[in-house]
Each structure stands twice: as C-alpha cells, then as structure tokens.
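Residue numbers (UniProt numbering), protein chains in the order written: chain G, 1 to 537; chain V, 1 to 393; chain S, 1 to 445. Using N, Cα and C, we set each Cβ at its ideal position, and we do this for glycine too.
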Amino acid sequence: MSLITTLARLEAVSTGRAQPAATVRHRHLSDHPLVLVPLTTAGEAGAPLGALVGTDRDAPQLLVVPQPRDRDLRFAFLSELADIVLPYVDGYAESVEAAERNETDPETGKRVKVEVELCADAPQLIVPSRAGVDFLRLLGRSMRFRRTAEQDPETPYPAPPRVPLLGRWLTHFGERARMPGSSLLPAMTDLLARHWSTGQSTLEDQHLGALLAWIDPPEGRSGAEAALEAELARDEQGQLRHPPAGPATDPAFDNKLLAPAFERYDRARTALHAAEDGLEADDRLGALTAAEEEIRGLVLSRTRPTWDAVWHGIDLLRALPEGAHVEERWTRDRWSFTGHRDRVTAGEPPQPRRDDAVTAANKLASREREQARLEAQEALDDPLVMAGRRLAGEAFAGEVTDVVMTYSEGKRPSPRPLVTVRTEDRPHLGERAKVYRSLGGKPQSAEFVGYEDSAEGSPEGGALIVLKILDKMGRGKEPEAGSVPEKGDRVCFTLFEHEQRGGAKLPEPEDTPWTHGGPPGEAVQETADPVTPEDVL
Amino acid sequence: MPLPRTRGTALRQRLAELRGPEVPAKALDARALAALAANPGCKRRAILDGAGVNKTALASALGAPSAFGQSQFALTRGNAFEAKVKADGGAELLRLVHERLDRGAEPPAEAEVPDLTAIGPEGRTARTALALREATAGAWTLLDHPMLALDVAGSPAFLEPDAVVVHPDGSWTVVEIKSFPLLDGSADPSKVGAAARQAAVYVLALEEVAARLDPAPKVRHRVLLVCPKDFSNLPAASAVDIRKQRAVTARQLARLTRIEDIADTLPEGTCFAPDLPAAELTAAVESVPATYAPECLSACELAFHCRDRSRAEGAVTSLGRSVRAELGGLTTVEDVLAAARGETGDPDDPAVAALRRAAELRSEALGARPEVLRRRPETPEGPAEALGVSACR
Amino acid sequence: MTTQVFDPGAAAGEATEAILRDTLHGAHRGVVVDSPPGAGKSTLVVRAALELADAGRPLMVVAQTNAQVDDLVLRLAEKNPELPVGRLHSSDADPYDKALDRLPQVRKSAKAGDLTGLPVVISTAAKWGHVKVDEPWAHAIVDEAYQMRSDSLLAVAGLFERALFVGDPGQLDPFAIVGSEQWAGLSYDPSASAVTTLLAHNPELPQHRLPVSWRLPASAAPLVSDAFYPYTPFRSGTDHDDRRLAFAVPSDGSGPDKVIDAAAESGWGLLELPARHTPRTDPEAVRAVAAVVRRLLDRGGAATSERSPDPTPLTADRIAVGTAHRDQAAAVRAALADLGVADVTVDTANRLQGREYDVTVVLHPLSGRPDATAFHLETGRLCVLASRHRHACIVVCRAGVSDLLDDYPSTEPVQLGTLVKFPDGWEANHAVLARLGEHRVAWRP
C-alpha cells in the first residue's frame, strides 16, 4: 500500500468517512448494466440457490432453485438465467461499426490491415463482490460442456437449449475479468475500493455493506459505526440484519431458515407425487407452491439488500467524472466482446478446460501489458494517482526554470533542447534515464542529463533537473511551436513509459516447441462432466 | 474463585487456574494447532490456546461473539462424501493412494481395516498405536479415523485424521478428505494450504508414534488430499508436499513452551472462566497483549474483541499488517496524522518526512489546502483538470 | 574405506568435461547445468561456445540482459579474438556496450538477417523473441536459464534444435506483474522458470551441476550451500588458508572496526544495531553501512588469494553494498557521498545477481521492519546478498529479526501440482542469522 493510500485510510478512520482514492472514475460504467446477485448452496461447487438479476433497478427478476440438489430444478434456473442474460448480451451483438485490424496474411506472411466489424457497445455485467465473479466463472465452467438433446440425443441428462451457450459467455466474461482495467464483468466491491479509501482493512472492504457504509454512511452516523452494524448486527432470531453479498449465505440462515424450508418443500413434493387423485393433487400442489413461495421469499430477503447496495454503488460511481483513457480501455473490452461473438457465430467449440502453452503465454503477456498500460493511464488521468507515483520516485512535477537550445550532431542537426525543471520530488533517475511527458496525448521523451548545481536535496528550492528533449518536435531544424516547454511552464515527467510495446511473437499452438511438450495435437471435443446419481434427489 | 498460586506450581496446574476451576480444557484439534501458525506473534492467542480456554465461549462472554459457523448443508455433503470415499473397505481410497503416491507397490486388491474402537481418547490412541505396530508387512492397511496424541506445551492434544494408510513397504501416509472441489485438477489454494497445515500436524503426531517403534517406520511427507471431482461427488486426489508446513508447525509447537513465560507475566489470580463478570474477564484478557491483524477475523474466535480494542487504541495495524511497513516507529492513527500534518515528529526521520511529503502531494492533488486535511475533504466533483494541478498531459 | 582428499580443480574439471561431452556428443536435445554462485558458469558458457563453434555447429546464445550479452561477447573475444561473433541488438539508442566497437571480429546489427552465417550470434531473450528464421540454429546456449520465464523460452525455443541451459537455481526467481494462479500446476505455467517447464516436459534430459564455487571462500561455501542448496551441495574451491584479508590500520575500537575485524577473521560479520522499528531507509542503519565502507577503505585493506602471491589492495571497486530496495540503495549512495566515498557499487539484490566483489556490506532485508513479508523472505534475495563476496560479507541489521521471523504468519496458499521450492526463505533466513550471530558486534551508534 502506498503511503498516500495509507494516509487516506488513516484520515478515513479519523474523520469517520471514506476518503477519495481517485479524482476521476477509472472504470467504464455502462448506461445500461445488467446487475446479477447470485447465491450459492453451501458445500457444493456451482450449485446455485437463486439470483436477483436484471437491468431495471426497480424491477429485478428473482430466480430460485427451491431444492438445489435437484438437477432438473437447477437446469430450470440456468435456463431462466439464460433467458435473461443472453438476450441482454445479444442486444449488443447487432449494432456494429467498421474498424480495422492488423492481421497476418496467410499467403505472404505480411501484416496487413483488414476491415472488420466492431460492436458499437458491449454488455456489462455487475456482480456485488469478487466472489461473485468467481462464482459466475464456475457456473460458466459447469455449463459450457453440457450437451443439449439437440446436440446429442444420447446424452443422459440433456441441458436446456441455451444453457451451454450461457456457459460459454459467462466463461468469457469471467476470463476477461482477469484482464487489468477491464469492465465487462466488474465486482462492485472492487469498483468502490478503487475509488475510495475506507477506515478499515482491504480484507474488510470485501464486505459490500461495510464498504458502502464507510463511503456513504446514513445521516448522523459515522462510517465506522455503520460498517460495524452492516457486518455484525443480528435480529432477535439471530439472523444478520444486512445479509452478506454472497454468493455464500450465512450459516445461521442456512440452518435456521433455509433448511426447514427445504424440508417443507421436499415433504410437499413427496406428498404431491403420492397423491391418489386429482383433487388431492390440487391441494397438495397448492402446498408445494406455498413451500416454494416461502423459499422464494427467503432468497429475495437475502438478495434484495445486496441488489439495492449494488445500485447505490453505481450511483456513487456515476457521480465521478470519467477518466480520459477509460473509453480507450472500454474499446478493448468491445474488441474482446466482438471477438467472442464471432467465435460463437463461427461455430467454434467451447473454451477448453485448460489453456495450452501458447494460449497461456499469450494471455499472461497481454495481461502484463494491460497492467502496465492501466498503471500509466490511471496516473496520466488522475493527479492523485500521479501523486503516488511521484512519491514513489517514478515521476516528478515542477516548473521549467530554463530552456537552452542545442542540436544533435550529424549531417542534419535536429533540435535537442535542454530543459531545466525545478521539483520538490525525488525521482529515482539513473544515468541517461529516459523520461516521458504527455504532449497532446502522445508521449514525448527526454533524457536525464544531470542535476544542476548539485542542487539535489537542497531544502529550499528542491532539485534542478536538466533534461534533453528527444522527439515530437517536428522534422525541421527549429522545433514546432508548443513542442518544447517554456520557462515558467508546469510540467510533469514520468520514468515509466506511457504506451506499451508489443511482446515477443509466440509460435502458433501447432508449432509448440519440444521444450514445452510439442504440439498439443488435434483439439479434442471436451466431454461433459460425468453425471453422478447423487446429484439428483 | 481462582486457587491461590504457590511457587513452583507445574505449568499444567497454572494453566488450569487460568482456565478457571472446574472448566474442562478445550481439546486442541489439528485445525486449532495448525492455526497457531496464523499469528504466532500473538501472546493472547498462545496463552488461551495453551491453557485450553474455550475461546468461543470467552468471546461471547466478552460481548464480541465469534462469527464462525458451519452450514448444515456443507456438513451433510461433507459427511456423505467421506462415506463414499471410504465405502467398500476403502477400496477407492487405497486405489488413489496407490495411484498418486506409491505406484511401484503392489496394487491394493484387498486391505486390512482394523477396528479402532476403544474407550476414551487415550484408549483410542493406544488402539491406533497398536494397529500401526501390528500392520502386516507387505500389505495395505487402512486406519479409518485413527486417534493420535501430540504433546502440546505439556498436555496431550488428541487428533483424529480422516485416515492413515500403511503401505506395503511399512511407510505411513496421512489422508485428508475435504469437500471443496478439485476442478480440472486445481483447487482453492487457500483451502489446500489450510488442509496441508492440518495434515502437517497429523504427520508430526504420527512421527511421535513411529519414533517409539524399532525400526521406526517412515512417515511420508507427501499426504493425499481427496476432494470431489469437478461438479460431481466422485473422489479425485492429489499428493501434497507438506514439508514446509511440517517445519513451520514443528517450530511453532516448540515455541509454545514460552506460554510459561507469558503465564508468569500475568497478574496473580488472572482467570479466563467465561462465567466471570464481563469487566473482570475483559481485564483478564487485556492483561495479555494481542497482536491483532485483520487476518485474525478468519482464524480466531476472539478476533472481534481484539479488533474492537485495536481500533479503540487507534492501532494502525487494525487496517492491515502492511500498513506499518513505511511508518517506522509510529503506531497509532493520531500519531501518524499528527506527524503528517507537521505537528509532531522529527522531520529528519525518513518516515515523518515521507508522511509529510505524502500529505502535501495528496492535498495538492485533491486541490485542497493543507489544513483541509484536518477536516473532511469533500469528494471532488470537478474533472481532474480543474483540480489545481494538471495531470500529465 | 579410504579417505579421499577433495581436489576441487579435478572435481570441477570432471563436471565440465561431462557437460561438454553431453552437449557436443550426447543424444538428448537439451542439457541442464546448475551452477551455484561463482562456480564458473561464465567460463563454462564461453568454453562451450568455443567448442561448439569449433565443431562447426551454428550457435545462438540467449542471455537475459544486454549487460550479460555484452559481457559474453567480450569474454569470447578475449578467449578467441579470431572468432567472428554476431551481436544482435535492439533498435533503441545505445543498444550495446561501446567497447564492442573496438573488436573488428564482432558484427553488430538489429537485424538477425545481417548476421546469418556467423558461427556465433548472441542476444537477449527479449530480442530473440522477435526473430523469425526458416532454418533453425543447430545449437543454443541459454544463459541464466533459471531467471528466464517459461513464456520467454516458448518464444525462442523454435529457433534452435538443441540447447545447453545454464543457470543458478538459488537466485531470484522470475516473476509476473499480474496474477498467474490460473496456470499454477500446469507443466508449462508461463510464469514459471524456463528450466521448470523444460524439465517437466523432458525429465530425461541430463542434469549436471558445477560442484565447486571459486568465488565463495571456505568460510562461506558451507553456509550458502546448506542454507540455499540443501539438495545440491557444493564446495569451496579454496581452503581457509588460501584467502586472507588484512588491514594496515588497526581497529579504533568502534563498532564498524570491530565488525570489519570479525569479518576479516571469519568471513562473516554482523553489525547489530539496537532493536527499533524503522522505515526502509533507516538513517542509522544506512549511516552504519556507509561507516563500515568508509572504514574498509580507510584502513588500508589488502586481500591475499590464490590468484596472486601478493596482496591486492582493497579498493572501492572491490567493495559492494547490497540492499533489498532501490530507495535503500539511493540512501546508502547519498550517505557514502557524504563521507566522500565514490566508486563503490551500491545496488539491490536483483542488480547484483551474477556479480563478484572481495567484500560486501549488506543491509539486512528484514532490518528494522515491523513485519516480514514474502518479498523480504524470498530465498533468492538473501542468497544473492550472501554470496557475492570472495573474502568477507558484513551484514548490518537491527536486533530482533529472529523474533520477527518466528512471528511471521505462515498461511501461504498451496497450489496443487506445483513443485515446492526448497529451502523456503523462512528457514534459510534462520540459518543465515544463526551463523551471523556467531560473529556479532553489537553497536549503538
């Protein structure tokens, strides 16, 4: 944690209210996000209990699995979820704009520009917490290899038609969520924690209710009090007054409320199956419906507060102005969305269980590149982030005190102005270190020449840093107007690069070298997970 | 009333006094022993665990009940899974041990499953030791829920691993059966870590049994972790190397003897019996220093109490251990803020200097005058450019 | 049983011969060589390169940094000034050491095509990652292979038929700046070291190790070997009497002088300051480091070693200061400047990898810290800091590190299928501290 963040947290403790950790919003927020609040059943992987889902904050749709161990009911839930999520996703697939992409021409091996489609906007799924993102990834994994009756008439427990497709999309969203700075599937706790520092630990910030309590405490209460109440307060029945954001439920809820309700539901269902005649069946169906309603009520009571909290968070985030580079990063998310849309349309198989060597390396490389890009862009967009980089010696800001024109040697001398900057910052400048500033959105580079008058560290005036500007001054002998800082200008240079270079070119998967196990061989159709009878009641 | 303490009282008796008269010692299980490594610097936890104090009851009595609970759904599912793994004389379990740990050995066509029932933990421990000693050479033996004893600060702790397997070569393997899934070959690393630490305790206890035999059988340092495969409840297994966890736990157990030193620092008559008045109990607990950190919330029953105290004292570590790293000798929120505001602290202390620089940079970026720091800075509404300093562009 | 006298030269020679035999005539596509600190890795690489070139096998050499590449080119030139060598470099400004311009046999280019046909072409892994060829090189030498990431080997492995992988498994592991847990346990985890992946897929490859450290003195080799290479031990190439560090100016009785004498005598010294929690750039500790360096220079040190019969003066260029963090290095440099010391290398463990000095002064990574972290406990960091010296290593540290280690919460997650790295930093730190404790000088500045 940087000292600036630490200070913000301590101020939050002292003032009883979260402090800004950013002056702009660093993540894209859709005008029309789909919020998803899932709950899971304890003790079993990927067994959904229910969800509150939708795009209208006043009219969420409640989906419930009244008996999570019944595969048919689980499939019904997933099918309903698909009926909500897939139309929302498809809604973004149609509207496209023309774009260009670099591709390698298979004939010539040269890089050529090709005209392609880029979806004009992309869907955004918002879940309450990081555990929610993991849960969607898990759901995606559990669904994408399922076979429908149409795909495979022999399959023992066929999945409803759109369930495998939902699995593929959730897998894609879950994987994209690992990309630094991506906004296709954000967790509300992460979004809020990126923009505010609370007076509690990052661990405690994982609790959405407590986090919000610090950022926007109820009138007349301190964030600390409100957070404590959000975390721990229980009613006379021992139930949490503010249910956790899930997907895991509170054990007290499971044991005291949910388990008896499941039992009543199971009993009602057994009774219905045993009904002797239509009249009796009608009665017992009524009882089953009532039992189901009770469970629906329980699930709603545990998801609705979280649903409201997520929208509350969205309101808070919308009040922040968007950072300058946010849209550029969202465009990458749109590329990612478009790419997956194309793979689905082209009939490609679902994402494999594990990445092959080349895919894994490519993913790691692109995530590292995006991480570096994100860090640079956030600093450029937000003086508070830049302040942290300056404190860390990775950037410096100050006033230009002198500019001396010099020229490069050679046949065609180019301008190499020497600019002296007075700064209070203490950058870690090595010999001939490269530094960069943003000039009209493009990085201009300079070289560290030295400290003037060995003024480094002098208490009154800060340090005088002499830089040689290297580029972005046009082609002429004289630099273009505005391309060289002038005396009295405020400037800010970074030691980190603003744009990221492309990494090494990796082989195609079929050319995987012997050091990495050789080519993975023909892609095999991934089989669905075996079904065990215990899954079914 | 606590008994009067006489000089030279044995540690056990001293600990019994701390626990309170007629309060039985809470048996330490492997999970609790493994958790010792979660915050080994905490004297409070060391003495309470060492004395066998029931921390759950203590936390409730202090008015800060612990929030640990287990869903009955998880419990049912876990038990069903374990039963399935061990069904049929442990055939599947032994097959997995053979496949994952000992492929060179004869496949386990049939195995001995000795009866380990006996009266009381001591009886079961003796029965287990006997079964281990008498395990037939050259055959597979499965010990279902054996009982092991481990000396913890002078008192025996009784431990019950899910299973121990004796290989044909006479070596022993600890088996841990967990209900979190092994999904496409990998599992939640924090849960695997916890299982490994727990298994390390069993390995240490088994090594004590082995040391009493001649020749001493080898206790394998790779344990078998059995979990449900993917979304099914078919068993899948993975070998886990627990040498690191074993080394750490062994060292922490050895250090537990220092609870004698801790006990000696406590005021005469200190007692942690949950039926004492809350004020007295609080004073008793406060007489042993704790090193609270947010990680305690998931590892210690007393965490909410300690968090309250830590926050009340303004300890910066209530925000996380790492917060202290750059603060040097400053340990409270107000000391740090006062130093950052320039009110206190030696400006030549690099921690103080860095804090002041951080405070300046922060207020500059927020477009606030430095004195605003003392009050609540409003959330800036304007775009970055309007905030006094231009961002780099 | 007969007692065998260990002959380090013979043991090292045998190991080298076996490595070259496998490299030149073996049946396997790869050979892996573990080289502990100062065991003659560079010498081996140069020798293997020359022999491969002699055998007419087109050779590419992959190193990890430009400095390493330039160093190899210079060493090759020194051994065989006739051998044409290609230096493939980036298109940045000043991409290579200017000293290369003085070597007529070295051709430099940013394009691999310009260097075709040369017997040896050398570059960094990053640059090789952009090279495309139709015809792969017959052989490659991959240097510092344990510091190379698996994904960077993936990018270059298609360029060669066979390879010799050389590196030090005890130094700092490569790392990724983003999480890579999702691939943990996969044999080709892109964030793992190149050697880990290579051996996971090719377990049958011959693995050698250089058994003798020529750098570390007899006082240091056993400790470094036990603490950091428990399963692949090595010996010192010299004996206790072979190295001597002496000072013309007698001790003034101060802490720095006492610890210098302790280190001159035993090879190790611990200057222990009173326990206190401090920020990273603990001014007292930083000043103590600088004071030790100043006294090392002022007292007219002379190092005697097997290299020459006459003592060599202990000059600034034979001393280095090692720290864990860059700001600590900067603070030490400033403190040294205040004392009028220049030309003493001050750097972090990362940058000191592969370098060698007569005496090192180390600011202990855990000194004054309120808590230990995985970063500070990383085995490789301590290993690098404790294994750069030919004569003596002086550690400056605040008291209380042992308790800090004992209080370290060990709740590390465990990834299934990954190899447990041994030893772990916690144990290695304890081992080093215990040894340093034997040569402790308590000092209140």
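Taking contact to mean 3 or more Cβ pairs, one atom from each stretch, closer than 8 Å, check whether the region 255-265 of chain V and the region 202-220 of chain V are in contact.
no
State yes or no: is the C-beta of A210 of chain G within less than 7 Å of the C-beta of E219 of chain G?
Counting from 1 along the first sequence, the entry for residue 210 of chain G is found at position 210. Counting from 1 along the first sequence, the entry for residue 219 of chain G is found at position 219. Contact flag unset, no.
Local Cβ density within 10 Å of E371 of chain V, reported as buried at 16 or more and exposed below that:
Here residue 371 of chain V refers to the residue found at position 371 of the second sequence. Residue placement at E371 of chain V is flagged as unreliable, the pLDDT there being 40, under the threshold of 50; a coordinate-derived value is accordingly withheld.
Which one of G:I84, G:G398 and G:E526 has the shortest CA to CA distance from P350 of chain G?
As a first step, residue 350 of chain G is located in the first sequence; it is residue number 350 there, counting from the start. The shortest C-alpha separation from P350 of chain G is found at G:E526.
If contact means a Cβ-Cβ distance below 9 Å, which residues of the region 181-198 of chain S contact chain G?
Q182, W183, L186, S187, Y188, D189, P190, S191, A194, T197 and L198
On a CA-only basis, which of S:P279, S:G167, S:P36 and S:V131 is nearest A386 of chain S? Give me that one, please.
For this step, residue 386 of chain S is matched to residue 386 along the third sequence. The shortest Cα separation from A386 of chain S among S:P279, S:G167, S:P36 and S:V131 belongs to S:P36.
Flag this pair as touching only if the region 295-309 of chain V and the region 62-71 of chain V have three or more C-beta atom pairs under 8 Å; answer yes or no.
yes
Would you check if the distance between the CB atom of S71 of chain V and the CB atom of A42 of chain G is smaller than 7 Å?
As a first step, residue 71 of chain V must be located in the second sequence, where it is residue number 71. As a first step, residue 42 of chain G must be located in the first sequence, where it is residue number 42. In contact: S71 of chain V and A42 of chain G (Cβ atoms closer than 7 Å).
If you draw a straight line from the alpha carbon of A192 of chain S to that of T141 of chain V, how long is it in whole angstroms?
Sequence index remark: in the third sequence, residue 192 of chain S carries index 192 (1-based). Sequence index remark: in the second sequence, residue 141 of chain V carries index 141 (1-based). Going by the C-alpha atoms only, they are around 38 Å apart.
Helix or strand or just coil, what does DSSP make of S182 of chain G?
Locating residue 182 of chain G in the first sequence gives position 182, counting from the first residue. Here S182 of chain G sits in coil by DSSP.
Could you work out which residues of chain V lie near G43 of chain G, taking near to mean beta carbons separated by less than 8 Å?
On the first sequence, residue 43 of chain G is found 43 positions in, with the first residue counted as 1. Residues of chain V passing the Cβ test: S71, F73, A74, L75, T76, R77, G78 and S179.
Report yes or no: is there a C-beta of chain S within less than 7 Å of the C-beta of T5 of chain G?
What you label residue 5 of chain G is simply residue 5 of the first sequence in a count that begins at 1. No - not a single Cβ of chain S is within 7 Å of the one on T5 of chain G.
Residues within the region 232-258 of chain V neighbouring chain S, beta-carbon criterion of under 7 Å
S238, V240, D241, R243, K244, A247, V248 and R255
Kindly provide the ranges of any beta strand (DSSP E) runs that are 3 or more residues long and lie completely inside the region 10-36 of chain G, ordered along the chain.
none
Following the continuous alpha helix (DSSP H) through P228 of chain V, name the residue where it begins and the one where it ends.
Translated into positions along the second sequence, residue 228 of chain V becomes position 228. First-last for P228 of chain V: R222 to P228, but that is the beta strand (DSSP E), not the alpha helix (DSSP H).
Where does the unbroken beta strand (DSSP E) through N102 of chain G begin, and where does it stop?
Counting from one through the first sequence, the residue named residue 102 of chain G turns up at place 102. That run of the beta strand (DSSP E) goes V96 to T104.
Once the 5 residues before and after P370 of chain S are set aside, which same chain residues still bring their CB inside 6 Å of it?
Against the third sequence, residue 370 of chain S aligns to sequence position 370. Excluding positions up to five away in sequence, the list reads H277.
I need the straight-line Cα distance from R304 of chain G to P181 of chain V, nearest angstrom please.
The count along the first sequence starts at 1 and reaches residue 304 of chain G at position 304. The count along the second sequence starts at 1 and reaches residue 181 of chain V at position 181. Their backbone Cα atoms lie some 29 Å apart in a straight line.
S408 of chain G at chain V interface by Cβ criterion, 7 Å
Taking the first residue of the first sequence as 1, we reach residue 408 of chain G at position 408. With 7 Å as the cut-off, S408 of chain G does not count as an interface residue toward chain V.
If you follow the alpha helix (DSSP H) that V358 of chain G is in, where does it begin and where does it stop?
By one-based count along the first sequence, residue 358 of chain G stands at place 358. From DSSP, the alpha helix (DSSP H) with V358 of chain G extends over A357 to D381.
Stretch pair the region 389-407 of chain G + the region 176-195 of chain S: three plus CB contacts closer than 8 Å:
no
In chain order, what residues of the region 68-101 of chain S put their CB closer than 8 Å to some CB of chain G?
D94
List, in order along the chain, the chain G residues whose C-beta lies closer than 9 Å to that of A428 of chain S?
In the third sequence, counting from the first residue as 1, residue 428 of chain S sits at position 428. Within chain G, no residue comes near A428 of chain S; the closest Cβ sits about 27 Å away, beyond 9 Å.
Identify which residue in S:R29, S:V414 and S:T16 has its Cα closest to the Cα of L210 of chain S.
Sequence index remark: in the third sequence, residue 210 of chain S carries index 210 (1-based). Nearest C-alpha to L210 of chain S: S:T16.
Pull up the distance between the alpha-carbon of A74 of chain V and that of A47 of chain G, whole angstroms please.
As a first step, residue 74 of chain V is located in the second sequence; it is residue number 74 there, counting from the start. As a first step, residue 47 of chain G is located in the first sequence; it is residue number 47 there, counting from the start. Distance between the alpha carbons of A74 of chain V and A47 of chain G is about 12 Å.
Between Q151 of chain G and chain S, is any beta-carbon pair separated by less than 7 Å?
In the first sequence, the residue the question calls residue 151 of chain G occupies position 151. Not one chain S Cβ lies under 7 Å of Q151 of chain G.
Give me the residue from G:P417, G:C119 and G:G441 with the minimum Cα distance to K487 of chain G.
Position 487 of the first sequence holds residue 487 of chain G. Ranking the options by Cα distance to K487 of chain G, first place goes to G:P417.
Using beta carbons (cut-off 7 Å, strictly below), is P409 of chain S in contact with chain V?
Along the third sequence, one-based indexing puts residue 409 of chain S at 409. True, the Cβ-Cβ gap to chain V drops below 7 Å.
Considering only the beta carbon of each residue, do C393 of chain S and H364 of chain S sit closer than 7 Å?
For this step, residue 393 of chain S is matched to residue 393 along the third sequence. For this step, residue 364 of chain S is matched to residue 364 along the third sequence. No, the Cβ-Cβ distance between C393 of chain S and H364 of chain S is not below 7 Å.
Taking the straight line between their C-alpha atoms, what separation do you get for A395 of chain G and G450 of chain G?
The residue labelled residue 395 of chain G in the question sits at position 395 within the first sequence. The residue labelled residue 450 of chain G in the question sits at position 450 within the first sequence. Answer to the nearest angstrom: the Cα atoms are 16 Å apart.
For the pair the region 397-406 of chain G and the region 20-27 of chain G, tell me if three or more CB-CB distances fall below 8 Å.
no
Tell me, please, whether the region 221-237 of chain S touches the region 52-65 of chain S by the rule of three or more beta-carbon pairs shorter than 8 Å.
no
Does the distance from the C-beta atom of R87 of chain S to that of L100 of chain S stay below 7 Å?
As a position in the third sequence, residue 87 of chain S is number 87, starting the count at 1. As a position in the third sequence, residue 100 of chain S is number 100, starting the count at 1. Result yes, Cβ atoms of R87 of chain S and L100 of chain S sit closer than 7 Å.
Return the chain-ordered ranges of every beta strand (DSSP E) run that is complete within the region 163-191 of chain V and spans a minimum of 3 residues.
163-166 and 172-177
Taking only beta carbons into account, state which residues of the region 100-127 of chain V come closer than 9 Å to chain S, listed in chain order.
none
Give me the Cα-Cα distance between G269 of chain V and V288 of chain V, rounded to the nearest whole angstrom.
Working through the second sequence from its first residue, we reach residue 269 of chain V at position 269. Working through the second sequence from its first residue, we reach residue 288 of chain V at position 288. Roughly 13 Å separates the two Cα atoms.
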